[in-house]
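S.K.: Heads up, our numbering is the position in the sequence shown plus 192, with the first residue counted as 1. Dropping the structure in here first, questions after.
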Amino acid sequence: MRWEGNRESGNVEDMRHGGGFGLGGRTIGIGTLVIALVGGAIFGINPLTLLGILSGAPVAEQQGQPQPIPANDTLARFVSTVLADTEDVWTQLFQQGGARYDQPRLVLFRGAIATACGQGQSAMGPFYCPADEKVYIDLDFYETLKSRLGAPGDFAQAYVIAHEVGHHVQQELGITERVEGLRGRAGPAEQNALSVRLELQADCFAGVWAHHAQNARQVLEQGDVEEAMNAAARIGDDALQRSSGRAVVPESFTHGTSEQRQRWFATGLRTGSVKACDTFGARAL
193 MRWEGNRESG NVEDMRHGGG FGLGGRTIGI GTLVIALVGG AIFGINPLTL LGILSGAPVA
253 EQQGQPQPIP ANDTLARFVS TVLADTEDVW TQLFQQGGAR YDQPRLVLFR GAIATACGQG
313 QSAMGPFYCP ADEKVYIDLD FYETLKSRLG APGDFAQAYV IAHEVGHHVQ QELGITERVE
373 GLRGRAGPAE QNALSVRLEL QADCFAGVWA HHAQNARQVL EQGDVEEAMN AAARIGDDAL
433 QRSSGRAVVP ESFTHGTSEQ RQRWFATGLR TGSVKACDTF GARAL
């Protein structure tokens, strides 16, 4: 992905100085993180609970004030540049629709952090909190993505950010609130089905961003699309369940299959259309 020299976002909060993987003074290994990440995705268990079981200690919460990103921190600067690019794309698309796009903030952290949605942990992977309209990411997740989940590449990393920003777009469009209203009246199976549609739409929105970023700034290099498609495949619910040695249980899916995640990302990338991302109106996902 071509990103050097592009604008960096002013909406990044670097909270990493507050500590590392704090588990009662103990360090969490990447293997432990993967177990908690996969276990949480498959069984619906709070990754914090799994981390406590695996480590024998509670996760410590980070404190402190945001700090500037160090000039030599290439990965953090890359994430900031991707965020800036999503800001440019979505601001323009909202303006074209006669609306205003309120940009999210992105928080870099290590280990655990307090959010308006409760305590966030590295084992969750990157996540979006609609209550404070912030994207949270522990950059060590990218090592997990590359080494443990088999999805290397800078555009795979960009896809992860764009997906979480896609959840913010859903918040801005009022989709999140409507889905939460439906979830409150639904049983467990229907709640999972709604979650799948929400996640697949965020994948599609990530593709919409990539479409417009490419048209405006030619950010894509050879192999970039394949990197994103591979990442989408590696984090499908069916792929995660198989990698854990468990049977594939479609009723438990909350993010969609590998094929579905790839297809909806490709839909956004091909069309560049928000309307084409109507996963809630689609008969088949």
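Cβ atoms here follow ideal geometry from the backbone N, Cα and C, with glycine treated the same way.
Taking all protein chains shown into account, do 16 or more other C-beta atoms lie within 10 angstroms of the C-beta of valine 441, making it buried, or fewer, making it exposed?
M.R.: exposed
S.K.: Between Ala402, Leu365, Arg462, Leu300, which lies nearest to glycine 289 when the distance is taken from Cα to Cα?
M.R.: Leu365
S.K.: Identify every residue that forms a DSSP beta bridge with lysine 467.
M.R.: Looking at the DSSP assignment, lysine 467 forms no beta bridge with any residue, so it has no partner.
S.K.: Thinking just about the alpha-carbon of each residue, which of Glu356, Glu391, Arg292 is nearest to the one in valine 371?
M.R.: Its Cα nearest to that of valine 371, the residue Glu391 stands out among Glu356, Glu391, Arg292.
S.K.: Name the residue from Glu369, Leu300, Val417, Phe472 whose alpha carbon lies nearest to the alpha carbon of proline 260.
M.R.: Leu300
S.K.: Which of the three DSSP states, helix, strand or coil, is assigned to arginine 297?
M.R.: strand
S.K.: In the segment 341-418, which residue ranges form an unbroken beta strand (DSSP E) of at least 3 residues, counting only runs that do not cross its ends?
M.R.: none
S.K.: Under a Cβ-count criterion, where at least 16 other Cβ atoms within 10 Å of its own Cβ denotes burial, should lysine 467 be classed as buried or exposed?
M.R.: exposed
S.K.: Given this structure, state the Cα-to-Cα distance separating glycine 460 from tryptophan 282, to the nearest angstrom.
M.R.: Here the alpha carbon of glycine 460 sits roughly 13 angstroms from the alpha carbon of tryptophan 282.
S.K.: Just tell me which of Leu331, Thr471, Ala343, Gln257 has its CA closest to the CA of arginine 269.
M.R.: Among Leu331, Thr471, Ala343, Gln257, the Cα nearest to that of arginine 269 belongs to Leu331.
S.K.: Check this for me: beta carbons of alanine 402 and histidine 355, under 7 angstroms apart or not?
M.R.: no
S.K.: DSSP three-state label for aspartate 206, please.
M.R.: strand
S.K.: In terms of residues, what are the limits of the alpha helix (DSSP H) holding alanine 268?
M.R.: 266-288
S.K.: Rounded to the nearest angstrom, how far is the Cβ of leucine 477 from that of arginine 389, given a contact under 8 angstroms?
M.R.: 7 angstroms
S.K.: Thinking C-beta only, is asparagine 198 closer than 7 angstroms to threonine 307?
M.R.: no
S.K.: Does the separation of the CB atoms of glutamine 363 and proline 322 fall below 7 angstroms?
M.R.: yes
S.K.: Pick out whichever of Cys469, Glu443, Gly473 has its Cα sitting closest to the Cα of arginine 455.
M.R.: Cys469
S.K.: Beta carbon of glycine 437, beta carbon of arginine 453: below 7 angstroms?
M.R.: Contact annotation: glycine 437 and arginine 453 have beta-carbon atoms that are not nearer than 7 angstroms.
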